[in-house]
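J.:
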Amino acid sequence: MVPKMMRFTASSCYGSRLRGFPCPLQSSLVAVANDYLATFHSQSALPVKSTKTEQRRLPKVTNLEDAFNVFDEMLQWRPLPSIVRFTQILSQVVKFKHYSAAVSLSNQMGASGIGADAFTLAIVINCFCHLNQMGFGLSVLGKFFKLGFEPDAATFNTLIHGFLLEDRVADAAGLLEKLMESGNCKPNVITFGMLVKGLCMKGYNNAAIHLLKKMEEGGCRPDVVVYSTIIDSLCKDTLLVDALNLFSEMISKGIAPNVITYTSLINGVCRLGEWKEATRLLKEMVSKSIFPDAHTFSVFIDALCKEGMIEEANSVFEMMIQVDIEPNTITYNSIMDGYCLRGEMGKAKKVFELLLNKGFVADAYSYNILINGYCKCKRIDEAVVLFKEMSCKGLSPDTISYNTLIDGFCKVGRIPDAQNLFYQMKACGDLPNLWTYAILLDGLCKNQKLSLAMEYLRELEGKKLGLDIVIYNILIEGLSIAGKIDCARNLFCSLSSKGLQPIGWTYNIMISGLCNEGLINEAEKLFKETEEKGCSPDNCTYNTIIRGFINNNETFRAMGLIQQMVEMGFSADASTVELIVDLLSKDDVHPALLTLIE
DNA sequence: ATAGGGTTAG
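Here it is as structure tokens:
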């Protein structure tokens, strides 16, 4: 089970598939575009749904203040307006997303003796759910029963949604379970759909598929949304075969895929660099009159950019315009990022200007892409200009903006600037996260500011940001490189008391540090412990300790480990070969080594 | 006549 945050995208091992790319994809895409155009233009203009603008005598409310004023005024009327009028105001306030304001208005209603009805209560439940206050939401449900109203499926769906917003998937599942048992209010396809999404977000694809089967058994027919949710999740986990199987299953059950289903699949195959398959899917959807939209094209463009294939991405972009689909900020951002990845900042900046000229609004994401681009090119001052420009445009820099720039400062050795920015960040509220500390600690260690790094570590430990082994790896490495092996060891030994477990990387760092200090016996002991702790040594661990032995003139022990490595079935990588070459240059080379190498 | 719920791209 891998949480979505940790999922990785297309790996470079697919690189070979990209060769010979542009022509086939491009020509077939052009064909698809032409088909698309033909179909599109033969379609008659869709009739515009006549929206009956009912003339309601709603109090005119255009902002929160208006709503409060109208509300206060209504409280003065005698007789008091009906609950319906008040509920209308509440729903206006909710439309402005001012959930806490709506709650406080509903409290005032109660205090003024205006009895809530089912509608009011439903609104208030929804508010509490959006405020992450499920406890209150549930107590309003209690009121529902007390007043003799029957909550319906949508009310329960709101509550389930609230649990999911709080990342409480188990509670959401529990509520669904109760609904299924009680039989009073049957969960509907939306209830199941939301829970499926919740499970997928946690990476529990199998549980989601299980629920899919269960809903069928329970007499609730899954729809395209439920299937698409799972297909998308499988694609994001690169489980493409499973995704395509589920896709066939849904079709065989007579559930028609839509543009979202196809876009998810295309995203999945693009991330694996399977451009041919992506094009096949694109053709297939057009043949079914399911037309690719801005999402679909952007998926293509982004995947191409991430592989450094900006020229191809640009042709897809042109195609998109040909078929009258307007690129949006996300599309432009992908292309900008593509140029940034190649270090072509001039072109990236041009795309940025194009975006602005087209009347799109650059968002924090756009700025972060450029800031990152400049930082990676060590053009930190230009990054700072953009960072400042954000505030002028009313965009507040977010955690990513700060983290990127702090990293940029660290990488060019401007520690005081990095610290300054960090203080500024803290002054803005809860912006610093674990990454911020990791970046800063790494920067301090790499710039030989170990005691400062330790201070920041203590500060982090005092916060409720959670701890991560990566943070400690950074410090243990920094300390041992600086020759402070005792401090490194202390930190290493303190891990379990903090509820953290060393990972392979941690052992490698510690072993390497110990070897550098000539403490090879201790290093060897730790090496053996690696295995006992279920952290099997890898190539890198072996290389590290063998290097330690060689540097400490323990040639025979080094050779013994190389033999062990071979026996364990590890193949020699570039570093191992280097070690062997070193060993061969020694006078006392053991003949066994020679036979080993063959 | 007033309410509330689910799927895709950076």
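Heads up, the first sequence is in UniProt numbering, so the first residue is 1 and it goes up one at a time.
All C-beta atoms, glycine included, are put in the ideal place defined by N, C-alpha and C.
All of these numbers come straight from a predicted model, not from anything done at the bench.
1) Using 10 angstroms around the beta-carbon of Thr62, count the other beta-carbons present and answer buried if the total reaches 16, otherwise exposed.
2) Here's the rule: buried if 16 or more other CB atoms are within 10 angstroms of the residue's CB, otherwise exposed. What is Gln76?
3) Roughly how many angstroms lie between the CA atoms of Lys97 and Gln88, to the nearest whole one?
4) Taking only the alpha-carbon atoms, compute the straight-line gap between Gly560 and Ile209 and give it to the nearest angstrom.
5) Less than 8 Å between C-beta atoms, sequence neighbours within five positions excluded: which residues of the same chain meet that for Phe156?
6) Please classify Ser585: is it buried, with 16 or more other beta-carbons within 10 angstroms of its beta-carbon, or exposed?
7) Considering only residues of the stretch 486-566, which uninterrupted alpha helix (DSSP H) runs meet the minimum length of 4 residues and lie entirely inside it, listed in chain order?
8) Return the chain-ordered ranges of every alpha helix (DSSP H) run that is complete within the stretch 50-114 and spans a minimum of 4 residues.
9) When you compare each of Asp430, Gln448, Ile380, Met319 to Leu465 by their alpha carbons, which one comes out closest?
10) At the level of alpha carbons, what is the spacing between Leu281 and Val226?
11) When the distance is taken between beta carbons, is Ser106 closer than 7 Å to Val124?
12) Can you give me the C-alpha to C-alpha distance between Ala488 and Ala383, rounded to a whole angstrom?
13) Where do the ends of the alpha helix (DSSP H) carrying Ile471 lie?
14) From the DSSP output, in three-state form, read off Phe149 for me.
15) Starting from Arg221 and walking both ways along the alpha helix (DSSP H), at which residues does that stretch end?
16) Along the chain, where does the alpha helix (DSSP H) containing Met250 start, and where does it finish?
17) Where does Lys271 fall in DSSP's three states?
18) Do Cys392 and Gly338 have their C-beta atoms closer together than 7 Å?
19) Ignore the nearest five residues each way along the sequence and tell me which others in Asp582's own chain have a CB closer than 8 Å to its CB.
20) Could you tell me whether the Cβ atoms of Phe300 and Val316 are closer together than 7 Å?
21) Taking its Cβ as the centre, do 16 or more other Cβ atoms sit within 10 Å of Leu147, making it buried, or is it exposed?
22) So Phe527 packs on Ile511, CB below 8 Å; how close in whole Å?
23) Taking DSSP as the reference, what is the three-state secondary structure of Tyr204?
24) Classify Glu532: buried if its beta carbon has 16 or more other beta carbons within 10 angstroms, exposed otherwise.
25) Relative to the alpha-carbon of Lys446, which residue among Ile476, Glu459, Leu434 has its alpha-carbon at the smallest distance?
26) For a test of the three-state rule: what should DSSP assign to Met180, helix, strand or coil?
27) Where do the N-terminal and C-terminal ends of the alpha helix (DSSP H) with Arg458 fall, by residue?
28) Could you tell me whether the Cβ atoms of Gly478 and Ile520 are closer together than 7 Å?
29) To which residues of the same chain is Val140 closer than 6 Å at the C-beta, ignoring the five residues directly before and after it?
30) Which two residues bound the contiguous alpha helix (DSSP H) that contains Leu583?
31) To the nearest angstrom, how far is the alpha carbon of Glu517 from that of Ile509?
32) To the nearest angstrom, report how far apart Ala303 and Gly254 are at their CA atoms.
33) Consult DSSP for Cys377 and reduce its assignment to one of helix, strand or coil.
34) Apart from the five residues on each side of it in sequence, which residues of its chain come closer than 8 Å, Cβ to Cβ, to Cys13?
35) Hey, would you say Val196 sits closer than 7 Å to Cys220, going by beta carbons?
36) Mind pulling the alpha helix (DSSP H) runs of 4 or more residues that sit fully within the UniProt repeat "PPR" (328-362)?
T.: The answer reads as follows:
1) exposed
2) exposed
3) 14 Å
4) 50 Å
5) Leu175, Leu179, Cys185, Pro187, Thr191
6) exposed
7) 504-516, 520-532, 539-551
8) 64-76, 83-95, 99-111
9) Asp430
10) 20 Å
11) yes
12) 35 Å
13) 469-481
14) coil
15) Looking at the DSSP string, Arg221 is not in any alpha helix (DSSP H), and its letter there is neither H nor E.
16) 240-252
17) Before going on, a small fix: residue 271 reads as Arg here, not Lys. Arg271 falls in the helix class under three-state DSSP.
18) no
19) Ile550
20) yes
21) exposed
22) 6 Å
23) coil
24) exposed
25) Ile476
26) helix
27) 450-461
28) no
29) Leu121, Val124, Ile125
30) 574-584
31) 13 Å
32) 31 Å
33) coil
34) Bear in mind that a pLDDT of 25 at Cys13, under 50, signals an unreliable position, so the number given afterwards is only what the model happens to contain. Within the same chain, Cys13 has no close Cβ partners at all.
35) no
36) 329-341, 345-357
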